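Count along the sequence shown from 1, then add 53; that gives the number in the numbering used here.
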Amino acid sequence: MQAVWYLQTVNGTTINLDLSITAWYNLVTIEVGAIQRMQQYFENREFIKVENITGEQNKNKRHENIILANERIDKNWNSENYKINNSTFAKMGLRGAKFSNDDLRFNVFIDCYFKKACFDNVNFTSSIFINCNFDEITLINCTFDYCRFEGCFIEYSDLLPSLSKRPNIRWELCKNLSIECLNLGNEKEYRNYFFEEKKASEEYYWKKFWHKGNDKYYKKYNAMDQLSGLWNFILSKANKFLWGYGEKLTRLLFNVVLVHIVFIIGYYFSIRNVSEEVEMTWGIASYMSLSNFFTVTCDYTPDGLMYKILSVAEGGIGIVLMGFFVAALFRYINRRG
Numbered sequence: 054m055q056a057v058w059y060l061q062t063v064n065g066t067t068i069n070l071d072l073s074i075t076a077w078y079n080l081v082t083i084e085v086g087a088i089q090r091m092q093q094y095f096e097n098r099e100f101i102k103v104e105n106i107t108g109e110q111n112k113n114k115r116h117e118n119i120i121l122a123n124e125r126i127d128k129n130w131n132s133e134n135y136k137i138n139n140s141t142f143a144k145m146g147l148r149g150a151k152f153s154n155d156d157l158r159f160n161v162f163i164d165c166y167f168k169k170a171c172f173d174n175v176n177f178t179s180s181i182f183i184n185c186n187f188d189e190i191t192l193i194n195c196t197f198d199y200c201r202f203e204g205c206f207i208e209y210s211d212l213l214p215s216l217s218k219r220p221n222i223r224w225e226l227c228k229n230l231s232i233e234c235l236n237l238g239n240e241k242e243y244r245n246y247f248f249e250e251k252k253a254s255e256e257y258y259w260k261k262f263w264h265k266g267n268d269k270y271y272k273k274y275n276a277m278d279q280l281s282g283l284w285n286f287i288l289s290k291a292n293k294f295l296w297g298y299g300e301k302l303t304r305l306l307f308n309v310v311l312v313h314i315v316f317i318i319g320y321y322f323s324i325r326n327v328s329e330e331v332e333m334t335w336g337i338a339s340y341m342s343l344s345n346f347f348t349v350t351c352d353y354t355p356d357g358l359m360y361k362i363l364s365v366a367e368g369g370i371g372i373v374l375m376g377f378f379v380a381a382l383f384r385y386i387n388r389r390g
């Protein structure tokens, strides 16, 4: 069953949309869900003007459940020691604004323009940033613990000094930011946050296994948790060494070359005669290694246990490494698709 809808644009042009009932239901469901989700950031909060909280006559620097929306303040915003919590900033122009020693926890920032803004010792714990602009911002000793970004990101070099020292918190934030960078097509920032995410996860796994000191967070783990932490740490390190977490083809190619060299040496020194009439040479050893690595037929098949062990081992390693190579290549191409 089809439903025909007519939409009229601003210039008066009529657009005919002929979609199935199911398609329209899915479209409306998505839109209603998005509206309801955004509505929660404005419910039970009071709209006020910026001048009512930042003017010289206003000495009250503590505010909760307020909404600041659709104002172009820019450099005129210069807050210090303000505490604004559980509030919403929507469509705010704050280019070149200055925030100093402010407590801005549990807030939602929607479509805010922070270009060239300066944040000095500002606490954004558990805040949400949706479609905001952070070009050329300055961050000095800020806190972004448990924050979430949607449709936007802060450049890695700007945020790095303000990342949490606690690996579990840094891990989650960098994971969130790496995904947002990837969705927005910024591969450079994606890789920066991705590798920082992996670094934080490894630090977390190691502390989960070996937690000395007074950090109470890790004392909740028992012996089984510690072993799982060690196992995950080893797997992550192996993942890094083998192919750079799937992001470094050059490292994988280096390992392929290294495997070839190791087996060439193995063939050369463990097999003296390829056959009764042919002695082992470096060229033959190289040919054997290439053939066995790519599991293709080799013209030289010496008798003896050592050759069988080496050829089977290299064939297995070759299959695994080529599988990783195909996976890494797919990741590389798919990201650009």
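Positions of the beta carbon are idealized from the N, C-alpha and C atoms, including for glycine. Keep in mind it's a predicted model, so treat the numbers as computed, not measured.
On the DSSP bridge assignment, give the partners of residue i in chain order.
i: residue 146; result: 125, 166
i: residue 115; result: 136
i: residue 201; result: 181
i: residue 151; result: 131, 171
i: residue 120; result: 100, 141
i: residue 196; result: 176
i: residue 156; result: 136, 176
i: residue 161; result: 141, 181
i: residue 186; result: 166
i: residue 191; result: 171
i: residue 326; result: 332
How many whole angstroms separate the CB atoms of residue i and residue j, which I take to be in contact at a CB cut-off of 8 Å?
i: residue 154; j: residue 134; result: 5 Å
i: residue 103; j: residue 120; result: The pair is not a contact, with the Cβ atoms about 11 Å apart (cut-off 8 Å).
i: residue 136; j: residue 150; result: Their Cβ separation, rounded to whole angstroms, is 17 Å, which puts residue 136 and residue 150 out of contact at 8 Å.
i: residue 264; j: residue 271; result: 3 Å
i: residue 374; j: residue 285; result: Not really, about 22 Å apart at Cβ, beyond 8 Å.
i: residue 185; j: residue 205; result: 5 Å
i: residue 197; j: residue 215; result: 6 Å
i: residue 289; j: residue 255; result: 5 Å
i: residue 242; j: residue 234; result: 4 Å
i: residue 251; j: residue 298; result: 6 Å
i: residue 212; j: residue 192; result: 6 Å
Leaving out five residues on either side along the sequence, give the residues of the same chain with a beta carbon under 7 Å from the beta carbon of residue i.
i: residue 296; result: 304, 305, 377, 381
i: residue 230; result: 202, 206, 246
i: residue 319; result: 363
i: residue 383; result: none
i: residue 114; result: 134, 135, 136
i: residue 321; result: 333, 335, 338
i: residue 95; result: 120, 141
Excluding five sequence neighbours on each side, which residues of the same chain lie with their C-beta closer than 6 Å to the C-beta of residue i?
i: residue 174; result: 154, 194
i: residue 130; result: 147, 150
i: residue 359; result: 323
i: residue 379; result: none
i: residue 302; result: 381
i: residue 346; result: 367, 371
i: residue 187; result: 167, 207
i: residue 83; result: Since pLDDT at residue 83 reaches only 46, below the 50 mark, its modelled position is unreliable, and no value is offered.
i: residue 291; result: none
i: residue 330; result: none
i: residue 156; result: 136, 176
i: residue 132; result: 152, 155
i: residue 200; result: 177, 180
Skipping 5 residues on each side, what residues in its chain have a beta carbon closer than 8 Å to that of residue i?
i: residue 160; result: 137, 138, 139, 140, 141, 142, 177, 180, 181
i: residue 221; result: 253, 257, 270
i: residue 122; result: 100, 141, 142, 143, 144, 145
i: residue 97; result: 118
i: residue 326; result: 332, 333, 355
i: residue 239; result: 206
i: residue 365; result: none
i: residue 268; result: 260
i: residue 385; result: 302
i: residue 357; result: 324
Is the distance from the Cβ of residue i to the Cβ of residue j below 8 Å?
i: residue 372; j: residue 354; result: no
i: residue 227; j: residue 208; result: no
i: residue 244; j: residue 300; result: yes
i: residue 190; j: residue 162; result: no
i: residue 262; j: residue 283; result: yes
Less than 8 Å between CB atoms is the rule here; does residue i satisfy it with respect to chain B?
i: residue 370; result: Of the protein chains in this structure there is only one, and it is not chain B.
Practice item. State whether the stretch 337-347 contacts the stretch 277-294, with contact taken as three or more CB pairs (one from each stretch) at a distance under 8 Å. Key: These segments do not touch.
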